[in-house]
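Here is the structure we will look at.
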Amino acid sequence: MKLYHSPTSPYVRKVRITAIEKGVAERVELVVANPWPDPAAVVGVNPLGKVPALVADDGLVLYDSPVICEYLDSLAPIPRLIPQAGAARWQVLRTQALADGILDAAVAIVLERRRPEAERSTLSQKRATEAIRRGVAALAASTDAAGDAPDLGAIATGVALGYLEFRLPDVDFLAAHLALRAWWSALSARPSFAATVPA
Ligand SMILES: N[C@@H](CCC(=O)N[C@@H](CS)C(=O)NCC(=O)O)C(=O)O
C-alpha cells in the first residue's frame, strides 16, 4: 500500500496511528506529497488535492481519512478499532466525526493566521475557536477511562488534541478539562502516538 502523506497533517497522523495499532504499518509505504506548495503531487490520486490518500495493493484508491481508517480496520480482525454493529459502532464514528471537526476548525484558524493581517477574518477565527471549545467539552464529557485500548474515536481524539497543542499552543483548550488532559497524556505515551509526533 502507498500512503500519500505530508508529515504534519493530523489526518495523515490518524491514518498512521491506525495502521500501527492494527499491526499493518510495515505494509504501508509513505509517499511524501505536500499539497500546499505542490497540489499536483496528490491530485493524481485524489481529485480534491488533499492528503491522506491511499493506494491499496490491488490498485484501489481511497481518500478521506475516515474511509482509509475503516479500510485499514478491515485488514485484520484484531484489534477491532470500529465496532461492527450496534450503538458502540455509532458512538465511535460520532467521536471520530467530532474530533475531525475540531481538526477542521483548527486547520481553518491556522490557515487564517497565515494570511496577511489585513485579510484575516476575526469573525471566522472566533467561530472556529468557539466550535473547538464546544467540541473539546463534548469530548471531555464522553471519553472513556485512560488505559483502555484505543478505538478509532480515541485515536481521532488524541490526534485532535495533539494538533491543538502543536499548532495553537497559545490557547489552552484543556484548561477546564483536567481529566481529559490526563487521559490524553496516557494515550500519547503509546508507541503509535510517540512514533508519529509531528516535527
Ligand atoms: N476530510 C479530510 C481532510 C484532509 C485535509 O484537509 N488534508 C489537508 C492537509 S492537513 C490537505 O491536504 N489540504 C490541502 C488543500 O486543502 O488544498 C480527511 O479527513 O482526510
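Residue numbers for the sequence shown follow this note's numbering, so the first one is 1 and each next one is one higher.
We put the CB at the ideal spot given by N, CA and C, even for glycine.
Inset, instruction - Identify, in the order they occur along the chain, each residue of the same chain with its Cβ nearer than 8 Å to the Cβ of alanine 199, setting aside the five sequence neighbours on each side. - result: Pro7 and Thr8
Inset, instruction - In the DSSP assignment, find the unbroken alpha helix (DSSP H) run with valine 24 in it and report its ends. - result: Unbroken run through valine 24: none, as it is neither H nor E.
Inset, instruction - Compute every distance between the C-beta of serine 124 and the non-hydrogen atoms of ligand 1, then say whether any falls below 7 Å. - result: no
Legend entry - alanine 194 (DSSP reduced to helix, strand or coil): helix
Legend entry - Whole-angstrom distance between leucine 161 and alanine 105, CA atom to CA atom: 12 Å
Inset, instruction - Find out if the Cβ-Cβ distance for the pair valine 42, glycine 49 is shorter than 8 Å. - result: yes
Legend entry - glutamate 119 versus leucine 103 - alpha carbon distance: 22 Å
Inset, instruction - Please find out if some non-hydrogen atom of ligand 1 comes closer than 7 Å to the beta-carbon of lysine 2. - result: no
Inset, instruction - Identify whether valine 67 lies in helix, strand or coil by the three-state DSSP scheme. - result: helix
Legend entry - First and last residue of the uninterrupted beta strand (DSSP E) at alanine 87: Element bounds for alanine 87: not the beta strand (DSSP E) but the alpha helix (DSSP H), 86-114.
Legend entry - Under 8 Å between C-beta atoms of alanine 195 and threonine 157: no
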